[in-house]
């Protein structure tokens, strides 16, 4: 029983950065923009928040406040991530560059950005593994008082930090926004047929910019979560692994619905660590188990394509630049 509870808890912990990335990408793709730069943006968000917390704690010393460190790291993680989204939007919406190329370039840039500044921060801290923002990380990891002590249920539902619950709130709010509000309807219209939306008086460029920038900010919080709650306020180059790409895959698994992304992220998190709970696995078998999230995504893609229901399909203009002159 203890092993099962631990596995469920670890699956949730592994799934949260994926959920952040997927929620941000769902919002972006609903506008018709295919941002394959999500993995890089997660690196940018994570290292920016960590740098802000590290410099604050180093300056404040023993008087450092976890709440202040939390606010600073959250602000700078959002700021830098959204700047990444702004750069992507400028290149693809204004300059009409190829979205796939720009996204992949942003991933390469973001990963290098994170590793470069992470290595520089390590040098400032005195060497690899010496970065410590334990005061800020403790604020992020603080659980719900009382509820986390409840046997069984407390460990599964209430033993997580701020960003875990924020990821759930964002996913639920995003679904409500897209399905129940006029602006959400306008955004979906832009993603389906920007020419028709433009003719109806909807500012296509504004919606694409806004969705992509906000989506990048949400994805950047996945990097911040990984650094603060998962790693405990430290940094390791290339430590994010393929979680950014899993977030992009989760968008397909969830059929562009953030509510589905919640359970999908837990599934991905469980599949990602399942090999650790199966004894006597060879190294080759471990790598096969790590492929399972992608295999599941491919199966879902085949299944939804065969059913061909409109609500299960990506936005019609996804990945295509909009030329108003061709309307």
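Residue numbers (full-length UniProt numbering): 1 to 327.
Ideal placement from N, C-alpha and C gives every residue a C-beta, glycine not left out.
Three-state secondary structure assigned by DSSP to residue i
i	result
residue 263	helix
residue 255	coil
residue 317	coil
residue 245	helix
residue 337	The question about residue 337 has no answer here: the residues shown for the chain are numbered 1 through 327.
residue 291	coil
residue 95	coil
residue 150	coil
residue 132	coil
residue 269	helix
residue 277	helix
residue 304	helix
residue 234	coil
residue 323	coil
residue 172	helix
residue 250	helix
residue 405	Shown here, the chain extends from 1 to 327; a query on residue 405 therefore has no answer.
residue 299	helix
residue 167	helix
residue 285	helix
residue 137	helix
residue 200	coil
residue 179	helix
residue 34	coil
Assumed close pair residue i, residue j - CB separation to whole angstroms, cut-off 8 Å
i	j	result
residue 24	residue 317	That pair is no contact at about 19 Å.
residue 91	residue 102	5 Å
residue 139	residue 70	4 Å
residue 235	residue 131	5 Å
residue 112	residue 220	That belief does not hold up - the Cβ atoms of residue 112 and residue 220 are roughly 16 Å apart, past 8 Å.
residue 84	residue 244	In fact, because the Cβ distance is near 12 Å, the residues do not count as touching under 8 Å.
residue 187	residue 58	No, residue 187 and residue 58 are not in contact; Cβ-Cβ is about 42 Å, not under 8 Å.
residue 297	residue 253	5 Å
residue 40	residue 107	4 Å
residue 293	residue 258	Contact doesn't hold; Cβ gap of about 18 Å is too wide.
residue 19	residue 265	4 Å
Limits of the alpha helix (DSSP H) - the one that residue i falls within
i	result
residue 82	66-89
residue 57	38-60
residue 186	182-192
residue 155	153-157
residue 106	99-125
residue 28	2-30
residue 204	204-225
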